[in-house]
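Residue numbers (our numbering): 68 to 250. Beta carbons are placed, not taken as given, at the ideal position from N, Cα and C, and that holds for glycine.
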């Protein structure tokens, strides 16, 4: 298997091509083209199980992440689970105040911190779409990386999944392809 590199989508494509001239470059953000846009956490795959919420589903991974978020001035927002147009999903501290954490399921009173939320909500949910909604695309990436290095473009490029920075889903794709997805 060739190398898998994570780069910022904010960089000029010419710069990326000059840095990695023999690589296959794929944008996996919400601004990408089909089928690669399907890797975006905002993409409406539909029927994604909401962690700790039996028989309840979301259209997108980001819908779950934002919907279960709890602020000092606002509780969860179940309307985020239904968004299909990939717009107006994010909920910000500017509008709702300081983040308290994420509710451990729709009906739970327990609020878990950012680290635990990543571990118990985001990571398993994103892995679920890789395993259940993106099988064909994952196989295509596996074929590509056998032939040449692969550059995945994302807005977030942190390779420390458990830092205070937002998770790079491109990095999660890389880890999944390398059979090293975090538990």
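Other residues of its chain near residue i: CB distance less than 6 angstroms, five sequence neighbours each side excluded
{"i": "residue 237", "result": "73, 95, 219, 221"}
{"i": "residue 75", "result": "224"}
{"i": "residue 180", "result": "168"}
Unbroken alpha helix (DSSP H) run spanning residue i, endpoints
{"i": "residue 74", "result": "Premise fails: residue 74 lies in the beta strand (DSSP E), 71-75, not in any alpha helix (DSSP H)."}
{"i": "residue 86", "result": "80-86"}
{"i": "residue 160", "result": "160-163"}
Local Cβ density within 10 Å of residue i, reported as buried at 16 or more and exposed below that
{"i": "residue 198", "result": "exposed"}
{"i": "residue 259", "result": "Outside the shown range of the chain, which is 68 to 250, sits residue 259, and nothing can be said about it."}
{"i": "residue 84", "result": "exposed"}
{"i": "residue 158", "result": "buried"}
{"i": "residue 88", "result": "exposed"}
{"i": "residue 208", "result": "buried"}
{"i": "residue 82", "result": "exposed"}
{"i": "residue 117", "result": "buried"}
{"i": "residue 240", "result": "buried"}
{"i": "residue 101", "result": "exposed"}
{"i": "residue 150", "result": "buried"}
{"i": "residue 160", "result": "exposed"}
{"i": "residue 244", "result": "buried"}
Beta strand (DSSP E) segment containing residue i, residue limits
{"i": "residue 170", "result": "166-170"}
{"i": "residue 137", "result": "136-138"}
For residue i, the residue or residues it bridges with in DSSP
{"i": "residue 91", "result": "217"}
{"i": "residue 263", "result": "Here the chain covers residues 68 to 250 and nothing more, so residue 263 does not appear."}
{"i": "residue 141", "result": "138"}
DSSP state of residue i mapped onto helix, strand, coil
{"i": "residue 243", "result": "helix"}
{"i": "residue 131", "result": "helix"}
{"i": "residue 188", "result": "helix"}
{"i": "residue 179", "result": "strand"}
{"i": "residue 199", "result": "helix"}
{"i": "residue 212", "result": "helix"}
{"i": "residue 206", "result": "helix"}
{"i": "residue 148", "result": "helix"}
{"i": "residue 193", "result": "helix"}
{"i": "residue 104", "result": "helix"}
{"i": "residue 222", "result": "coil"}
{"i": "residue 110", "result": "coil"}
{"i": "residue 238", "result": "helix"}
Same chain only: Cβ atoms within 8 angstroms of residue i, ignoring 5 sequence neighbours per side
{"i": "residue 8", "result": "In this structure the chain extends from 68 to 250, so residue 8 is not present and cannot be described."}
{"i": "residue 143", "result": "134, 135, 136, 137, 170, 173"}
{"i": "residue 103", "result": "93, 94, 95, 204"}
{"i": "residue 213", "result": "68, 69"}
{"i": "residue 233", "result": "223, 225"}
Residue i: CB within 6 angstroms of a non-hydrogen atom of the ligand SAH
{"i": "residue 201", "result": "Questions concerning the ligand SAH fall outside what the structure shown contains, since it holds no ligand whatsoever."}
Residues near residue i in its chain [Cβ-Cβ closer than 7 angstroms; skip 5 each side]
{"i": "residue 109", "result": "97, 127, 129, 153, 156"}
{"i": "residue 175", "result": "119"}
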